[in-house]
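Read left to right, the sequence shown gives residues 507 to 908 (the working numbering).
Just so you know, even glycine gets a beta-carbon here, dropped at the ideal spot from N, CA and C.
Fair warning: this is a prediction, and the values are worked out from it, not measured in the lab.
Down below is the structure, laid out as structure tokens.
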Amino acid sequence: MLNKRLLATFAVIAVLASGCGNFPLAGLLEGDSSGSSVKSTADTGVTTRVSAPAAIAPTPTALPANARVQFDQDEMVLVNLYERANPAVVSIANEQNSRQGLQTAGSGSGFIVSADGYIITNNHVVDQADRVDVTFADGSTMRATVVGTDRYSDLALLKVEKSDLPFVELANSDDVKVGQRVIAIGNPFGLNGTMTEGIISAKGRTLPEGDPNGTGNYSNPSILQTDAAINPGNSGGPLLDTAGRVVGVNTAIRSTGNSISGQPSNSGIGFAVPSNTVKRVIEALKSEGRVRYPYLGIQGAIRAGEATGLNLPITQGVMPLAVISGGPVEKAGLRAATIDRNGNLTVAGDVIIAFNGTPIKDYDVLIARLVETTKPGDTITLRVWRDGKELDLQVKLGERPQ
């Protein structure tokens, strides 16, 4: 009975050991210095020598050394970029008065754009702040002055009284290509100096005015979309190209999930205000303290191809659903579509097919051309399709109501 139990025990050990390699049981129990194991059986007088398993070598690199050099160089690009750009990235605290005194109501990121202390962030990061504190990469903190804010672009310009600061350069966002590598640096969930990497996923997106949740009346055009990880706290931080230049300001994410704190979390769809918009807004905030936007007076529009039931022979262009009485396009004679009480289109309106000679395929393009190429008081030419014919309307632009 004892022998049978011992045999059963050894059988189990052998099975378990088989998952760890082809090691003979005798070799695991006994050994000699020659690298072989010796097994003696007393009742037979037979001695056997079993070879020990070969030593296991470290797993070799997946690439030969000469190919690995390129990957090391790519890593050094990112390391060098972080070392140069991170000192210009700051953490921003929105302090508001309460019954308990001054309390931190929110926080975000920002970046220094000049050695004399100008800092860019999002409007929603400093909105309703009674005091704004800026913490630099070295851990020092200063109070900042809000030079100006613009809720339409969701940008704000701050100033600290400090000189010889490290700063980053604004790129030309018109040169940005879909697929190019970009890097985000900021303070997600309060984790200062966090760097993430991705690509430009798309260009020409729009966001509602200064509101990541989408309740604004106007659209912020030419938004960059990226899959670089962006989370709450990244707002206002830079989106950089591999040369360390700012191509956009991280502003919003689209998310279906929440973090432990209940805040939206990254799902690979982030949005950044392009650097060319930043340049325009900074200049206006420095000179006037606000941004003046051109105004057409169109209220709602659809693409011609979406005007179902009207059997339009064209699919490109924008058909206004309503025009503001006394507004610029109404004065110029632009006709809106007719909609019945059930919301159905019954009579086609004018279809805007070109803006100062630039073809207009949808409303996003129309708004981008308006905001980025004109100013209040300019006279522009709208080419419209009406009843099978094309005609030009001269429109003197107004100023967008505040």
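Own chain partners of residue i with C-beta closer than 6 angstroms, once the 5 adjacent residues on each side are dropped
i    : result
N528 : The pLDDT assigned to N528 is 40, lower than 50, so where the model puts this residue is not dependable; a value taken from the coordinates is nonetheless given after this. Closer than 6 angstroms at Cβ, skipping near neighbours: no residue.
P718 : Only weak support exists for where P718 lies, its pLDDT of 47 falling under 50; the value from the coordinates is given anyway. Closer than 6 angstroms at the Cβ level, and outside the excluded window around P718, lie A758.
R590 : G750
Q686 : I706
D856 : L840, R841, V890, R892
N698 : S597
A643 : N592, P593
Y588 : M701
Counterpart residues of residue i in DSSP-defined beta bridges
i    : result
T651 : K665
N756 : A778
R637 : E601
G614 : I598
Q609 : Q602
D898 : R889
G904 : Y801
A807 : P826
T844 : V853
T864 : F861
A690 : T702, L745
L676 : V752
I626 : F617, L663
D670 : Answer by DSSP bridge pairing: none, since D670 is not bridged.
D656 : L661
Endpoints, alpha helix (DSSP H) assigned at residue i
i    : result
T814 : Unbroken run through T814: none, as it is neither H nor E.
N726 : Element bounds for N726: not the alpha helix (DSSP H) but the beta strand (DSSP E), 725 to 732.
Q579 : 571 to 591
R751 : Premise fails: R751 is in no alpha helix (DSSP H) and is neither H nor E.
K837 : 834 to 838
E878 : 869 to 879
Closest by C-alpha distance to residue i, when choosing among the options
i    : options                : result
I691 : A621, V596, P780, F777 : V596
T887 : E905, N586, I859       : I859
S831 : R841, K709, I705       : R841
P882 : P694, G803, D644       : G803
S679 : D639, D747, Y624       : D747
N693 : A734, N726, G743, G704 : G743
G614 : K895, G607, T641, E789 : T641
D870 : E789, I618, L713       : L713
V877 : E703, L697, P727       : P727
E601 : L584, V585, M648       : M648
V631 : A643, V755, L587       : V755
Q822 : E794, P865, G696       : P865
R711 : G894, T610, V779, L816 : V779
G815 : F577, K785, G849       : G849
L818 : K895, R796, S793       : K895
I618 : I626, G612, A611       : I626
P907 : D898, V575, R796, F695 : R796
L791 : A571, D633, G654       : G654
V684 : G704, L676, E675, F695 : G704
T651 : D633, P570, G645       : D633
A635 : Y624, Q609, S659       : Q609
L676 : K785, L897, N723       : K785
Y724 : Q579, S659, S741, I775 : S659
S604 : R637, V829, L745, I736 : R637
Limits of the beta strand (DSSP E) - the one that residue i falls within
i    : result
F695 : Element bounds for F695: n/a, residue is neither H nor E.
Q602 : 595 to 604
V684 : From DSSP, V684 is part of no beta strand (DSSP E); its letter is neither H nor E.
T712 : 700 to 714
V632 : Taken as a continuous stretch (DSSP letters only), V632 belongs to no beta strand (DSSP E), being part of the alpha helix (DSSP H) at 629 to 632.
R889 : 885 to 892
P819 : Premise fails: P819 is in no beta strand (DSSP E) and is neither H nor E.
V829 : Premise fails: V829 is in no beta strand (DSSP E) and is neither H nor E.
L746 : 744 to 746
Other residues of its chain near residue i: CB distance less than 7 angstroms, five sequence neighbours each side excluded
i    : result
A621 : S669, D670, L671, F673
D909 : No answer is possible for residue 909: it lies beyond the span of the chain, which begins at 507 and ends at 908.
Q900 : A838, T885, T887
P834 : Y801, L802, G803, V901, K902, L903, G904
A708 : V684, Q731
G739 : S613, G614, S615, G692, N693, P694, F695, G696
V682 : I706, K709, L730, V753
L872 : V824, I858, F861, I866
N782 : N678, S679, D680
S741 : G614, S615, N628, H630, V631, N756, T757
Contact set for residue i: own chain, Cβ-Cβ below 8 angstroms, skip 5 residues either direction
i    : result
A813 : M825, A843, L851, A854
T879 : N862
L663 : Y624, I625, I626, V652, V653, G654, T655, V787, I788, L791, K792
R798 : A790, K881, P882, E905, R906
I775 : S707, Q731, D733, I759, R760, S761
Residue i Cβ short of 6 angstroms to the ligand FMN heavy atom set
i    : result
V787 : Questions concerning the ligand FMN fall outside what the structure shown contains, since it holds no ligand whatsoever.
Task: Validate contact between the segment 800 to 814 and the segment 656 to 668 using beta carbons, cut 8 angstroms, 3 pairs - done: no
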